[in-house]
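Numbering (my numbering), first residue to last: 21 to 112.
Even for Gly, the Cβ is constructed at its ideal location relative to N, Cα and C.
Given the structure is predicted, the values throughout are model-derived calculations rather than measurements.
Below is one structure; the comments refer to it alone.
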Amino acid sequence: MLIRDGVMSTNGNAQRVYKFENGYGASVVMGAHTYGGENGLFELAVLEFEGEGYSLTYETPITNDVLGHLTEEDVQATLKHIEALPPKEDEQ
């Protein structure tokens, strides 16, 4: 589920934040200093939610870093993979 769609105040990057019932989500950004942003492509980071807050996680089968140079189709496919992850340990 999309929970934020706007511009980051710190750097002007366009950002969408997604949160899923399994406790994971994603930050999808595009801007001058993101991987692929200058070519109209997206960068995606997997998020781990704690209540209303979240942080980046590098401990999923999706990636151990951020994913860059993604098309919108790549983003949508990756979001489906994140949503399909087993629930976080503390969510069970």
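Is it buried or exposed for residue i, if we count other Cβ within 10 angstroms and need 16 for buried?
| i | result |
| --- | --- |
| Met21 | exposed |
| Thr98 | buried |
| Leu76 | exposed |
| Tyr78 | exposed |
| Val95 | buried |
What residue range is occupied by the uninterrupted alpha helix (DSSP H) comprising residue i?
| i | result |
| --- | --- |
| Val95 | Glu92 to Glu103 |
Report the option in the options whose CA atom is closest to the CA atom of residue i.
| i | options | result |
| --- | --- | --- |
| Gln36 | Pro107, His101, Phe62 and Thr83 | Here the sequence assigns Arg to residue 36, which means Gln is not the residue at that position. Considering only alpha carbons, the answer is Phe62. |
| Gly88 | Arg24, Ala34 and Met50 | Met50 |
| Thr91 | Lys108, Tyr74, Val27 and Tyr55 | Tyr55 |
Since residue i and residue j are thought to touch, with beta carbons under 8 angstroms apart, how far apart are those beta carbons, to the nearest angstrom?
| i | j | result |
| --- | --- | --- |
| His53 | Asn84 | At roughly 21 angstroms, the Cβ-Cβ gap does not stay under 8 angstroms, so His53 and Asn84 are not in contact. |
| Val66 | Tyr38 | Wrong, their Cβ atoms sit about 10 angstroms apart, outside the cutoff. |
Let me know the beta strand (DSSP E) ranges lying completely inside the segment 31-59, each 3 residues or longer, listed in chain order.
34-39 and 44-50
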